[in-house]
Amino acid sequence: MRVRTASLACLLLLATLALPAAAQQSQAPTREPDVIFVPTPQEVVDGMLKLAGVGPKDIVYDLGCGDGRTVVTAVKKFGALRAVGVDIDPERIADSNATAKEAGVTDKVKFIQGDLFEADIKEATVVTLYLLTSLNQKLRPKLWLELRPGTRIVSHAFDMGDWQPEKTEDVDGRKIYFWTIPNDAKARAGAGQK
Ligand SMILES: C[S@@+](CC[C@H](N)C(=O)[O-])C[C@H]1O[C@@H](n2cnc3c(N)ncnc32)[C@H](O)[C@@H]1O
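Numbering (the numbering used here), first residue to last: 16 to 209.
Below, the structure is given as structure tokens:
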């Protein structure tokens, strides 16, 4: 009996030691983020969604969604049909879910923890970005291959290198860029062309 009690105590001790480690692991990103979290000011978020002409037929994806403000604004203020945020950092996903709950829009938004380079984005009609020019350039083949022609892209602060924007604007001293996916994007991306 004493042996069984001792074994149980050992098991409990092991479980107690293992629990915090497991909890920490579930909160760690699957890999290091490519860029740290810096939120886009709300006026700039509004400017981006306005520049993209977001409306009731749109499904908006924010790749690297931070605290979810762009996703929530897309449905709450611009009346988007739905919006999806992708972030590699579980803490950002928790923040995003809290933002959506506070705004009362949990039924219209979804937040996915994962690498934006591996996300399924094909249903998007608008994609928003606040990454880096190098990351935008790395992402461009995926955008061209997976998004439908006419899908609108807006980026805060960072351009796409030699893919020239159709429009640029200044909002409160911040630059925003606008592109649409060309009709022949798939063929050109497949052929490795610009
Ligand atoms: C500069 S913040 C932009 C946040 C938000 N889009 C905004 O404009 O307020 C970049 C975000 O991208 C996320 N991120 C970085 N690398 C990523 C990756 N490979 N996949 C998904 N998210 C990533 C970071 O965790 C961070 O929240």
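The beta carbon of each residue, even a glycine, is placed where N, CA and C say it ideally should be.
By the CB criterion at 8 Å, Q128 and R84 fall outside the cutoff. With 16 or more other CB atoms across the displayed protein chains lying within 10 angstroms of its CB, R167 is buried. At the C-beta level, L66 and I191 come within 8 Å of one another. Rounded to the nearest angstrom, the gap between the Cα atoms of R97 and L162 is 16 Å. In this structure, DSSP gives T143 an extended state, which the three-state scheme calls strand. No heavy atom of ligand 1 is found nearer than 7 Å to the CB of D187. Relative to G188, the option among F93, I51, G62, A43 whose CA is nearest is G62. Each of T148, P54, I74, L150 was checked against the Cα of V124, and the nearest Cα belongs to I74.
Look at E181 here: in three-state DSSP terms it is coil, with no helix or strand label. The region 110 to 125 and the region 144 to 159 do not touch, with fewer than three beta-carbon pairs separated by less than 8 Å. Annotated as proximal: T114 and V87, with beta-carbon spacing under 8 Å.
Rounded to the nearest whole angstrom, the C-alpha separation of I103 and K182 is 29 Å.
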